[in-house]
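Residue 550, in our numbering, is where the sequence shown stops; the numbers in between run on with no holes. C-beta atoms are modelled at their ideal positions from N, C-alpha and C, and glycine is treated no differently.
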Amino acid sequence: MPLIKIPGMLDPHTHLRDLHWSHKATFASESKAAIAGGYWAVFDMPNTAPATTSAGRLREKLKRIGDSAHCDWGLYFGASQVDNSAEYAQVAARACGLKIYNNATTGDLLIESDAMRERHYRAWRGRGIIAVHAEGETVDSILRLARKFRQPTHFLHISSEYEITALAHAKEEGLPITIGVCPHHLLLTEADLPALSAYGLMKPELKQKRDQQALWRAIQRGVVDVIESDHAPHTIAEKTAAAPPYGVPGLETTLPLMMQAVADGRLPLPLACAMLSRNAQKIWRLNPPPDTYTLVDTDASYVIERETLYTKCGWSPFEGMRVRGKVREVWIRGQKVFDGEQVLSEAGFGRNLFGAGHES
Ligand code: DOR
Ligand code: ZN
191 MPLIKIPGML DPHTHLRDLH WSHKATFASE SKAAIAGGYW AVFDMPNTAP
241 ATTSAGRLRE KLKRIGDSAH CDWGLYFGAS QVDNSAEYAQ VAARACGLKI
291 YNNATTGDLL IESDAMRERH YRAWRGRGII AVHAEGETVD SILRLARKFR
341 QPTHFLHISS EYEITALAHA KEEGLPITIG VCPHHLLLTE ADLPALSAYG
391 LMKPELKQKR DQQALWRAIQ RGVVDVIESD HAPHTIAEKT AAAPPYGVPG
441 LETTLPLMMQ AVADGRLPLP LACAMLSRNA QKIWRLNPPP DTYTLVDTDA
491 SYVIERETLY TKCGWSPFEG MRVRGKVREV WIRGQKVFDG EQVLSEAGFG
541 RNLFGAGHES
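Structure follows, in structure tokens:
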């Protein structure tokens, strides 16, 4: 059985919920899902309830995740429509970055004014970088800010041919930008929607075959930096209700889906591993602690089933798909935290990769 070793798998784009949305998922449940998916660390987005848009809210969230996480983590601070940049000095050292929502999605953090976007760009001096939700032509608006302020900017969940083409040109121009792509945009299209119904609804939405092909070409050319899950659990009841929310879980399916793509000859194994670990480490200037790695059996083939998932939401848009690559062991800081069946680390074992973690 060919075991490969991936040092420090890192997903910089997840929604772990908790707080007032603990019915969807919790820091404990989703950090276990992260470990079962092979991850050392995950970064949590600020569109929680309540949103992470003040120093006080960040402090509360750090305390809560510090008490509950089974893996290491980072928390994003959220740029708000009502200018909250005065808080940056207090939060910058403890956040993994500033998230700016420039198109509508779950929660109410949306900034549509270029002037307000610019205020946030001008003010952010974090240890972490700026991460943006930008779709379609909004990508061009953010590129103008990246060009003007030279602030390192990570473009999350890029999904269309238009966007990836604009970003590839911006990289050629030398702008300090990086690109994340999600498995659902690589493996599903809008043609899957009739079968998936609300389980195929997320932001950005599923696109056409030509968009998907453009993303794969960009990956093969080395233009894409990170494969990120955009893990966004909602309950089955919410997803089957009349107005279902956007978002799909992905922490436990990202690695095997990419290993299947390797087996299918769609990308080389070293590139897949880099997009799941090293590239994000470099973007956030992190080194995994000693003895922090994942052992994956790349030959093991199985079908994704909801019964085996750790995520509290208990479903996946990839159910029924055959994938390859079973996580056999996960080690963090010299401690075995997953044995292929069970998560072994305690709640509170995880650390904040940006600062002290447990707040007093
Ligand atoms: O589909 C999505 N769901 N996209 C996002 O950007 C947010 C996420 C959520 O929080 O549910
Ligand atoms: Zn997201």
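State the DSSP-derived secondary structure class of Glu519, mapped to helix, strand or coil. strand
So, Thr379 versus Leu391, is the Cβ gap smaller than 8 Å? no
Run through DSSP, which three-state label would Phe217 get? helix
From Ala431, Ile367 and Lys289, residue whose alpha carbon lies closest to that of Tyr389: Ala431
Using DSSP with H/G/I as helix, E/B as strand and the rest coil, what is Lys502? coil
Val194 versus Leu499 - alpha carbon distance: The displayed chain sequence assigns Ile, not Val, to residue 194. The alpha-carbon atoms of Ile194 and Leu499 are separated by roughly 22 Å.
Nearest candidate by alpha-carbon position, reference Thr204, set Arg514, Phe539 and Thr501: Thr501
Determine contact between the segment 257-267 and the segment 292-299, defined as no fewer than three beta-carbon pairs at a distance below 8 Å. no
Rounding to the nearest angstrom, what Cα-Cα distance links His548 and Asp257 in this structure? Unreliable placement is indicated for His548, whose pLDDT of 38 sits below 50; the coordinate value is still reported in the next sentence. Using only the alpha carbons, I get a separation of about 8 Å.
Whole angstroms are fine: how far does the CA of Ala433 sit from the CA of Thr328? 26 Å
Work out the CA separation of Thr484 and Ile196 for me, nearest whole Å. 5 Å
Grab the span of the alpha helix (DSSP H) containing Ser258 for me, first residue to last. Ala245 to Ser258
By DSSP, does Ile301 sit in helix, in strand, or in coil? coil
When you compare each of Ile255, Gly227 and Pro192 to Gly540 by their alpha carbons, which one comes out closest? Ile255
Counting by C-beta, which residues lie closer than 6 Å to a heavy atom of the ligand ZN, in chain order? His203, His205, Met235, Asp420 and Ala422
In the DSSP output, which residue or residues are listed as bridge partners for Ser491? Arg514
Proximal residues to Pro478 (C-beta, below 7 Å), its chain only, five neighbours per side dropped: Pro197, Gly198, Trp230 and Gln471
Could you check what DSSP says for Leu466 in three-state terms: helix, strand or coil? helix
With respect to the beta strand (DSSP E) encompassing His323, which residues constitute its N-terminal and C-terminal limits? Ile319 to His323
Output needed for Tyr278: all residues of its chain with C-beta closer than 8 Å, excluding positions within five of it in sequence on either side, in chain order. Phe267, Leu288, Ala313, Trp314, Arg315 and Gly316
How about Arg514: is its C-beta nearer than 8 Å to some C-beta of chain B? No chain B appears in the structure shown, which is made up of a single protein chain.
Taking 7 Å as the cut-off, is the C-beta of Thr552 nearer than that to any heavy atom in the ligand DOR? What is shown of the chain runs 191 to 550, which leaves residue 552 out entirely.
Evaluate the contact criterion for the segment 207-220 versus the segment 458-477: three or more CB pairs, one atom per stretch, below 8 Å. no
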